[in-house]
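A.B. asks: Structure provided below as structure tokens; questions to follow.
Numbering (mature numbering (1 follows the signal peptide of the UniProt record, and there is no 0)), first residue to last: -29 to -1, 1 to 470.
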């Protein structure tokens, strides 16, 4: 597995710029700034390479036309998403990209990685199949809501300083949330038999998307293999109140394990597209996304080899949002000002990284896509108070960060021994926000994703600018009400359960 800092995601408030949208959809755009540095992606003859293709129109009939074009060009259709006009394909021809563009209604085509496909080409699917649910998710009414009673303290709750900071302990005196709420954990899988998680895992709504981006509904495909990252995230969101271990922000919520991380630790675009589409198809209320999409920390809309993947992921995010799913994502662990970011030295991370100049068309996806809630990380100042300041590693950015949440030294569930451990990162901050969104969704079941996101921000407690615990990075700018470190402020679980 790669180190923890790559398991993060910069996020939101900044909508795609006109230049980015123009580049990613094939429209002409003339940005006033310098172009980003090109990163040529070689797909030599004989190498099995992966591509996303975007139809001109997001229509099923055009998707089928794109599938036919793939086959005429000698490629293999791996997965189709007719709802958004996106096709994932494999090919071994070095000329596949240029040839396929002339064979169908294709707006753009681009590679999804800079190396050969290691997992091979799985059994293929058709657009007709993927347009329907491939499994039937557990009906919302199947889980009865737990009657509210006196709060029973779980054994290690006293160690969960993070829950006190966001007032989750006080929220639980009102409610532990609703069983009608389903949270998709887009990550490395959830430990299927952890005693603090097993009661809240919706196995019928869980899926593996890391098999080349194809929907894998096998019984164990969504289980973790090489990482307990997703298990830790899941515990923060919804560890059960059951007299064991810890408790999550929304301990009554259900969770679906949506595995988007392969055994090498990569989250390629086709995996994330599958995850977002699955969430939308299966009526998930919330997703948590504690990652950025590989192999680029920032995908540049003015680069023809990077823009197609960004466009495809954006289509999946926006479609699932329209189905009723609100998305939370981690801001990233590079101590970077995302509002004024001009360089990247870490991409691509699946081959040789290059030092490159980036511009405003370059986004950390899915985090900086429109409508996604961006979460920065905060650390505890000392062990005797609940005062916090920005974690030294957390990304920041005025009008990029939406809210802040605890993310340093967070106790949660791990796979080893069905136990518990401490992890730090914006990966740990984002699931706190996802949990509060789950509480909000239970309190306001008729709210749209936009209303849930707005409610989360409106209820956040204002947090003044203050220097991070250590390290370097851009100084805090903005006001008490909205600044580059905390956005609208620290999330508030108690307000979320107040009708």
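C-beta: ideal position from N, C-alpha, C; glycine also.
Keep in mind it's a predicted model, so treat the numbers as computed, not measured.
#1: Bridge partners of residue 77, per DSSP?
#2: Pull up the distance between the alpha-carbon of residue 336 and that of residue 211, whole angstroms please.
#3: By the DSSP assignment, the alpha helix (DSSP H) with residue 259 in it spans what residues?
#4: Quick check on residue 408: buried or exposed, where buried means 16 or more other Cβ atoms within 10 Å of its Cβ?
#5: Can you tell me whether residue 460 is buried or exposed? The criterion is at least 16 other CB atoms within 10 Å of its CB, across all chains shown.
#6: With a Cβ-Cβ cutoff of 7 Å, do residue 157 and residue 260 count as a contact?
#7: If you draw a straight line from the alpha carbon of residue 205 to that of residue 173, how long is it in whole angstroms?
#8: Given a cut-off of 7 Å on the beta-carbon distance, is the pair residue 147 and residue 223 in contact?
#9: Evaluate residue 393 with the Cβ neighbour count: other Cβ atoms within 10 Å of its Cβ, from every protein chain shown; 16 or more gives buried, anything less gives exposed.
#10: Which residue marks the beginning of the alpha helix (DSSP H) containing residue 69, and which one marks its end?
#11: For the structure I just gave you, are there three or more beta carbon pairs, one from the stretch 376 to 395 and one from the stretch 231 to 241, closer than 8 Å?
#12: Give the secondary structure of residue 431 by DSSP, where H, G and I count as helix, E and B as strand, and everything else as coil.
#13: For the alpha helix (DSSP H) that contains residue 207, what are its first and last residues?
#14: Our contact map puts residue 376 next to residue 404 with C-beta atoms below 8 Å; I'd like the distance itself, whole angstroms only.
#15: Spatial neighbours of residue 307 within its chain, please: C-beta separation below 6 Å, excluding the five flanking residues on both sides.
#16: How is the beta strand (DSSP E) around residue 472 delimited, first residue to last?
#17: Could you tell me how far apart the beta carbons of residue 34 and residue 58 are, in whole angstroms, since I believe they sit closer than 8 Å?
#18: Where does the unbroken alpha helix (DSSP H) through residue 249 begin, and where does it stop?
#19: Give the range of the beta strand (DSSP E) segment to which residue 407 is assigned.
#20: With a threshold of 16 other CB atoms inside 10 Å of the CB of residue 68, please say whether the residue is buried or exposed.
#21: Suppose you measure from the CA of residue 431 to the CA of residue 262; what does that come to, to the nearest Å?
#22: Straight-line CA distance for residue 368 to residue 397?
#23: Go through the stretch 279 to 317 residue by residue and report every complete run of the beta strand (DSSP E) that reaches 3 residues or more, in order.
#24: In the DSSP output, which residue or residues are listed as bridge partners for residue 274?
#25: Could you spell out where the alpha helix (DSSP H) holding residue 35 opens and where it closes?
#26: What is the DSSP secondary structure of residue 215, reduced to helix, strand or coil?
#27: Determine the direct distance from the alpha carbon of residue 45 to that of residue 265, and round the result to whole angstroms.
#28: Do the CB positions of residue 345 and residue 298 come within less than 7 Å of each other?
#29: May I have the straight-line CA-CA distance separating residue 463 from residue 194, to the nearest angstrom?
C.D. replies: Quick look at the numbers:
#1: 26
#2: 31 Å
#3: Element bounds for residue 259: not the alpha helix (DSSP H) but the beta strand (DSSP E), 257 to 260.
#4: buried
#5: When all chains shown are included, residue 460 counts as buried.
#6: yes
#7: 12 Å
#8: yes
#9: Residue 393 comes out exposed.
#10: Residues 67 to 71.
#11: no
#12: coil
#13: 200 to 209
#14: 5 Å
#15: 366
#16: Since the first residue shown for the chain is -29 and the last is 470, residue 472 is missing from the structure and cannot be characterised.
#17: 6 Å
#18: Residues 240 to 252.
#19: Counting along the chain, residue 407 falls outside any beta strand (DSSP E), though it belongs to the alpha helix (DSSP H) covering 397 to 414.
#20: Classified as buried, residue 68 has 16 or more neighbouring CB atoms from the shown chains inside 10 Å of its CB.
#21: The alpha-carbon atoms of residue 431 and residue 262 are separated by roughly 23 Å.
#22: Roughly 14 Å separates the two Cα atoms.
#23: Counting whole runs of 3 or more residues, the stretch 279 to 317 contains the beta strand (DSSP E) stretches 297 to 301.
#24: Its beta-bridge partners do not exist; DSSP assigns none.
#25: 31 to 43
#26: coil
#27: 26 Å
#28: no
#29: 31 Å
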